[in-house]
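Residue numbers (the numbering used here), protein chains in the order written: chain B, 1 to 111; chain G, 1001 to 1113.
Each residue gets a CB set at the ideal place from its N, CA and C atoms; glycine is no exception.
Source: prediction; values computed, not measured.
Quick notes on the structure that follows.
In structure tokens:
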């Protein structure tokens, strides 16, 4: 079974702080790397899908980078707000299109 | 409205009583998938389907069956449910290409007594 690891497991920050999380995945058979935001009592919503080494994506205050050669991706949140509180999931898609999720990073932003 | 619809949303049942969780999408997506979510384990893929009549096992397929007879529907079947299948289940769909995100349904919470 493929191993996708996310760190840290949880994070508590103050409003206005910038923060980042890490997703580590196998560097072989890479097809795509997905990031999702999952709020309590809702379903996961897509943030980014990245397919190329060196990819950088941005949506508002959230951005992500991808290094397929070493098998990691970073998600950055600039100036965290209470509404950013959620679980952030990454998922590795290998050739053959099986999708493997990490356990997630829980972010809590205090106002 | 583009959506993935799962039914039922909640179900409490007993060991051994066959059940089906339906999943339907209206976006003409080729790729559909089922996941279960358990505390501390994240989302684990049960089965996925690249298109009609094409299904493949994910990481935790034991005890589950699926079928893909129509593009829009991807039901999850538990032939003989057991308590270890108590979980939160999500169905998702996407276009078949790798750069497309998954669209998730609202989830089905199953309790097997």
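DSSP three-state assignment for residue i, whether helix, strand or coil
| i | result |
| --- | --- |
| residue 84 (chain B) | helix |
| residue 67 (chain B) | strand |
| residue 1007 (chain G) | strand |
| residue 1096 (chain G) | coil |
| residue 1084 (chain G) | helix |
| residue 99 (chain B) | strand |
| residue 1078 (chain G) | strand |
| residue 1048 (chain G) | strand |
| residue 113 (chain B) | As displayed, chain B neither begins before 1 nor continues past 111, which places residue 113 (chain B) out of reach and without an answer. |
| residue 109 (chain B) | strand |
| residue 1073 (chain G) | strand |
| residue 17 (chain B) | coil |
| residue 1037 (chain G) | strand |
| residue 1064 (chain G) | coil |
| residue 10 (chain B) | strand |
Sequence-distant residues of the same chain with beta carbon closer than 7 Å to residue i, five excluded per side
| i | result |
| --- | --- |
| residue 57 (chain B) | 48, 50, 63 and 64 |
| residue 1101 (chain G) | 1094 |
| residue 1106 (chain G) | 1006 and 1009 |
| residue 85 (chain B) | 107, 108 and 109 |
| residue 100 (chain B) | 2, 4, 91 and 92 |
Own chain residues within Cβ distance below 8 Å of residue i, not counting five before or after
| i | result |
| --- | --- |
| residue 112 (chain B) | Residue 112 (chain B) is absent from the model: chain B starts at 1 and stops at 111. |
| residue 44 (chain B) | 36, 37, 38 and 89 |
Residues bridged to residue i (per DSSP)
| i | result |
| --- | --- |
| residue 48 (chain B) | B:35 |
| residue 24 (chain B) | B:5 and B:72 |
| residue 91 (chain B) | B:34 and B:101 |
| residue 1027 (chain G) | None; residue 1027 (chain G) has no bridge partner. |
| residue 1057 (chain G) | G:1047 |
| residue 1111 (chain G) | G:1012 |
| residue 1022 (chain G) | G:1007 |
| residue 1042 (chain G) | G:1038 |
6 Å CB neighbourhood of residue i in its chain, flanking five on each side removed
| i | result |
| --- | --- |
| residue 1071 (chain G) | 1052 |
| residue 87 (chain B) | 38, 104 and 106 |
| residue 1109 (chain G) | 1010 and 1088 |
| residue 55 (chain B) | 66 |
Members of the segment 1092–1108 of chain G that neighbour chain B once the beta carbon cut-off is set at 7 Å
1098, 1099, 1100, 1101, 1102, 1104, 1105, 1106 and 1107
Pair every Cβ in the segment 1057–1064 of chain G with every Cβ in the segment 1005–1025 of chain G, then say whether three or more of these pairs are closer than 8 Å.
The segment 1057–1064 of chain G and the segment 1005–1025 of chain G do not touch, with fewer than 3 CB-CB distances between them shorter than 8 Å.
Chain-ordered residues of the segment 1058–1081 of chain G with a beta carbon less than 8 Å from chain B
Hits within the stretch, in order: 1058 and 1059.
Tell me, please, whether the segment 15–24 of chain B touches the segment 71–86 of chain B by the rule of three or more beta-carbon pairs shorter than 8 Å.
yes
Validate contact between the segment 1030–1048 of chain G and the segment 1086–1099 of chain G using beta carbons, cut 8 Å, 3 pairs:
yes
Going along the segment 1029–1053 of chain G in order, which residues come within less than 8 Å of chain B, judged by CB to CB distance?
1031, 1033, 1035, 1040, 1041, 1042, 1043, 1044, 1045, 1048 and 1050
The segment 25–50 of chain B: which residues have C-beta closer than 7 Å to a C-beta of chain G, in chain order?
Residues passing the 7 Å Cβ filter: 31, 32, 34, 43, 44, 46 and 49.
The segment 1013–1027 of chain G in contact with the segment 1075–1082 of chain G per 3-pair CB rule at 8 Å
yes
If contact means a Cβ-Cβ distance below 7 Å, which residues of the segment 59–70 of chain B contact chain G?
Hits within the stretch: zero.
Taking any Cβ of chain G, which residues in the segment 89–106 of chain B have a Cβ under 8 Å from it, in chain order?
89, 91, 93, 96, 97, 98, 99, 100, 101, 102, 103 and 104
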